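Note that our numbering gives residue 18 to position 7 of the sequence shown, counting from 1, and the numbers run on in steps of one. Cβ atoms here follow ideal geometry from the backbone N, Cα and C, with glycine treated the same way. None of the values given here were measured: they were computed from a predicted structure. Have a look at the structure below, then the notes.
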Amino acid sequence: MSPVQASILEAKPTEYNPLKLIGADRLPTLSANASLGGSGSPTPLDGTWSVGVSLNWNLFDGYLRRYQDGEARATARSSVRWLCAKHTE
12 MSPVQASILE
22 AKPTEYNPLK
32 LIGADRLPTL
42 SANASLGGSG
52 SPTPLDGTWS
62 VGVSLNWNLF
72 DGYLRRYQDG
82 EARATARSSV
92 RWLCAKHTE
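Right, here's the structure in full:
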């Protein structure tokens with residue numbers, strides 16, 4: 012990486028970083044739910060209730076992540092080249 016490219020990348024951290032956004036999709040998701048129901052009776056023991064927790068982790072996605080990583084890296088390289096070209100004009 013040239014000094015111009017390095018200075019452009021260090022000058023202002025980007026708010027939109029596709030590589031970090033892709034990484035967030037790889038984490039497992041945790042969901043929780045609860046419900047309480049009743050039939051109109053005055054005692055709390057006559058009602059029904061349920062509680063649940065779910066943990067989801069996508070282990071295989073047909074190499075989608077690999078291609079998304081490649082696309083994000085290509086976009087970042089293209090952006091750096093564009094910025095360098097604008098900087099040298």
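If residue i sits next to residue j, beta carbons under 8 Å apart, how far is it from one beta carbon to the other, in whole angstroms?
| i | j | result |
| --- | --- | --- |
| Gly-48 | Thr-59 | 5 Å |
| Ser-65 | Ser-42 | 5 Å |
| Asn-67 | Thr-40 | 5 Å |
| Arg-84 | Arg-37 | Actually they do not touch by this definition, with Cβ atoms about 16 Å apart. |
Opposite residue i in the DSSP bridges: which residues?
| i | result |
| --- | --- |
| Gly-48 | Thr-59 |
| Thr-99 | Answer by DSSP bridge pairing: none, since Thr-99 is not bridged. |
| Leu-41 | Leu-66 |
Got a sec? Which residues, its chain only, sit under 6 Å from residue i by beta carbon, not counting five neighbours each side?
| i | result |
| --- | --- |
| Leu-70 | none |
| Asn-44 | Gly-63 |
| Ser-46 | Ser-61 |
Below 7 Å CB to CB, which residues in the same chain sit around residue i once its five sequence neighbours on both sides are set aside?
| i | result |
| --- | --- |
| Trp-93 | none |
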